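In the working numbering, the protein residues as written are 105 to 248.
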């Protein structure tokens, strides 16, 4: 079985750099801007390809979570009915049993809402990121 030598892919840029013995500043700026542009476009392509895979997995995960949530809601409804019937076994009227279960759920919802409100009030702006973002223009102008 003969193997054919594999040649590595060409690493030459699309536009060859200026081959002067002493490149001018203009040529260096052109080369740098071309290289930066190529780097940015390659980074964007990489991010897009990674995001496609992530979005697919994320969408599947969200769908499965939604299905699990729906089944959990059905289970809670069945549990509520079972609790009401267990309370009814003590001799209390069935309507009062369902009202007790409703009241317990109402108290749990109020408690969760109160805790959630306290958490939302603690949300603050990303102060360090804003400060860093405000320093970038000055740093680019050389006034750091």
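Don't be surprised by glycine CBs; every beta carbon is placed ideally from N, CA and C. Note that the structure is a prediction, hence the values are computed from the model and not measured.
Counting Cβ pairs, one atom from each stretch, are 3 or more of them under 8 Å apart for the segment 177-191 and the segment 201-211?
When C-beta atoms of the segment 177-191 are compared with those of the segment 201-211, three or more pairs fall below 8 Å, so the two segments count as touching.
Three-state secondary structure (DSSP) at residue 226?
DSSP places residue 226 in coil when its eight states are reduced to three.
Count the other C-beta atoms from every protein chain shown that fall within 10 angstroms of the C-beta of residue 227, then say buried if there are 16 or more, exposed otherwise.
Residue 227 should be labelled exposed.
Examine the ligand HEM and report whether any of its heavy atoms sits within less than 7 Å of the Cβ of residue 191.
With respect to the ligand HEM, the structure offers nothing, as it holds no ligand at all.
May I ask you to report which of helix, strand or coil DSSP gives residue 196?
Reduced to three states, the DSSP call for residue 196 is coil.
Could you spell out where the alpha helix (DSSP H) holding residue 241 opens and where it closes?
First-last of the alpha helix (DSSP H) with residue 241: 231-244.
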